[in-house]
Amino acid sequence: MPRRFFLGASLLVAVFSVCSSAWAAKNVILMIADGGGYNQWLAASLYQGRVGRQVYDQPGWVHWSACTYPLNLFFRPTGNRQQLPFLVYSPAKAWDATVQETSGRFAGYVYLTTTYTDSAAAATALATGRKTYNHAINWSNEGHPFLGQTIAEIAKARGKSVGVITSVPWSHATPAGLGGAHNISRNHYSEIAREMLGATWLDVLMGAGNPDFDDNGKPLAANEPHDYKYVGGQETWTALKSGKLPWKLIEKKSEFEALAAGPTPAKVVGTAQVGSTLQEKRGRTGTHAPCEPFIDPKNANVPSLATMARAAINCLDDNPKGFYLMIEGGAVDWANHANEPDRLIEEQIDFVQAIEAVAAWIESHGGWDQTLLILTADHESGLLWGPDSNEVAFQPLKDRGPGRLPGLRYNSHGHANSLVPVYARGPGRQRFAAFARDKDEKAAAQWGVSGQYLDNTNIFQVMRAEVDADQ
Ligand SMILES: [Zn+2]
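In this note's numbering, the protein residues as written are 6 to 476.
Written as structure tokens, this is what we have:
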């Protein structure tokens, strides 16, 4: 081989490896606003007076949409791999503004609120790239667990550290799915929690669901009922508290804050001193109009999602091979189900502040060449539209200025099959373009986006490609 050719070839290899490593994310962070459709994100931005000026609106971000439908609408395996044929996102059906004779409702509203994913099937799609039945936690419709096939397990197999954190119990559907648990049903909280605590691939778990506290962060008396299901049952909780499991249990707000800097234990399970959610389910003072956010005093003894995110990252970032972390604004969905706009605004802003904390960490730790950050939702819930959207189909939210609740109206207490946002920055963000095959013109017009959408399983494919490329 002539020497010149050989040199040229080595140079090419060198250039190629530089290029390929620039495409490989050392760290992958997936942030999910549970139930956060476009209008939930927009409502918070309107309240903040920051429409078009959020972190994810900055240069360097790519914007796509995703459809989220599941394999089928049953709550148990039905034994085949077939997608129910009508479970396909159809822009024509989604935006149909004709009034149905039978229901008296807009046909699009009926379509969107009849066929939708739950958080478990969506989490499985995001975690494994596989569609399944509603309620499945990384479990196939043929009745098998997707063992070793979740992004959490794959990331760990590649040497990365792994964590999941949320504003709801850490054994809830989204953290369970994205944390690589496997269960035939999301409702088996104790089993799921025990699998997560026994999982070799998990290093950080954080959320609510503390059995010793109520939804206002008040300690429960010994004679009051304690619900241990979210932490794996009473025996498991006792074992955790007495240090018999290979986890460092933290509960106090100050412990979360302390973890955000300095040395960290190997495996940390943070169970904030509160019941089902960090803030969303706290009581109301009853002295104000029901719809103004930030009036009821917050639970003072629990961390924000941003604090949790800083703590989790500080625990995970010691690994030279990087980490995978899922951060869920889980209580966004709870506010939607309850049709509580004030709490929606609070929860989505808590999520946005967590995004800001993560972006700030990325910028001070290797920058956007090292970490892929993906923001999305697992589905919409509440079918949130403008204040008269029961009479005006798809009426936009009404801006009432910063610090004021935008004009809005919930049109459902359940989930909707609407497109959800997908924002990404960092290595691998280019990979999304290959998956965006369809376009929703009405979504583009309504939300000022391209309208091009991909499938939620594609988010797994991008994360997997990045984790595999970083070798
Ligand atoms: Zn939900």
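Note that CB positions come from ideal geometry on N, CA and C, so glycine has one too.
Assumed close pair residue i, residue j - CB separation to whole angstroms, cut-off 8 Å
i	j	result
G182	N143	6 Å
P426	Y94	The pair is not a contact, with the Cβ atoms about 14 Å apart (cut-off 8 Å).
Q53	I300	The Cβ separation is near 16 Å, so there is no contact.
A30	L254	That pair is no contact at about 30 Å.
F151	T120	No, F151 and T120 are not in contact; Cβ-Cβ is about 23 Å, not under 8 Å.
G419	S386	7 Å
G113	W100	5 Å
D473	G456	Not really, about 30 Å apart at Cβ, beyond 8 Å.
A429	W66	7 Å
A178	S124	4 Å
L264	A316	4 Å
G184	V169	4 Å
N395	G40	Rounded, the Cβ-Cβ distance is 20 Å, inconsistent with contact.
W206	K161	4 Å
D323	T243	Actually they are not in contact, since the Cβ atoms of D323 and T243 sit about 30 Å apart, beyond 8 Å.
Three-state secondary structure (DSSP) of residue i
i	result
V169	strand
K161	helix
R430	strand
C175	The question names Cys, but residue 175 in the sequence shown is Trp. Looking at W175 - three-state DSSP - the assignment turns out to be coil, as it is neither helix nor strand.
V67	strand
D338	helix
G275	strand
F356	helix
P216	coil
Q87	coil
W100	coil
A227	coil
K444	strand
D460	strand
Y138	strand
Y329	strand
T243	helix
Y61	helix
A126	helix
E200	helix
V93	coil
W366	helix
T376	strand
D388	Checking the sequence, you will find Leu at residue 388 rather than Asp. L388: coil per DSSP, three-state reduction.
R405	coil
G182	helix
I37	strand
I318	helix
S26	At S26 the pLDDT is 46, less than 50, meaning the model places this residue with poor confidence and gives no usable figure here.
N44	helix
F437	helix
R287	coil
P150	strand
Within 8 Å, strictly: CB atoms of residue i and residue j
i	j	result
A198	T241	yes
A38	F356	yes
N422	T73	yes
I34	R469	no
L3	L51	In this structure the chain extends from 6 to 476, so residue 3 is not present and cannot be described.
K136	Q88	yes
F437	V467	yes
E352	A336	yes
I189	P82	yes
L321	L310	no
K286	W339	yes
F465	T133	yes
L413	A48	yes
K539	Q239	With the chain covering 6 to 476 only, the question about residue 539 has no answer from this structure.
S195	V454	no
I220	P298	Per the sequence shown, the amino acid found at residue 220 is Asp instead of Ile. No, the Cβ-Cβ distance between D220 and P298 is not below 8 Å.
F80	Y138	yes
V307	T276	no
A165	G327	The residue you asked about is not Ala; residue 165 is Lys in the sequence shown. For K165 and G327, yes; Cβs fall inside 8 Å.
A157	A141	no
T129	H384	no
N228	A266	no
N461	L78	no
E361	V60	yes
I332	L410	no
M36	A359	yes
Near ligand 2: residue i beta-carbon under 7 Å from a heavy atom
i	result
L410	Judged by which ligands are present, ligand 2 is missing from the structure shown, whose ligands are ligand 1.
task = Examine the Cβ distances between the stretch 168-175 and the stretch 208-220 and report whether three or more of them are shorter than 8 Å.
result = As far as the Cβ criterion goes, the stretch 168-175 touches the stretch 208-220, which means the pair count is three or higher.
request  = Just jot down, in chain order, the residues whose CB lies closer than 6 Å to any heavy atom of ligand 1.
outcome  = Residues whose Cβ lies closer than 6 Å to any heavy atom of ligand 1, listed in chain order: G40, S124, D338, H342, S386, H420.
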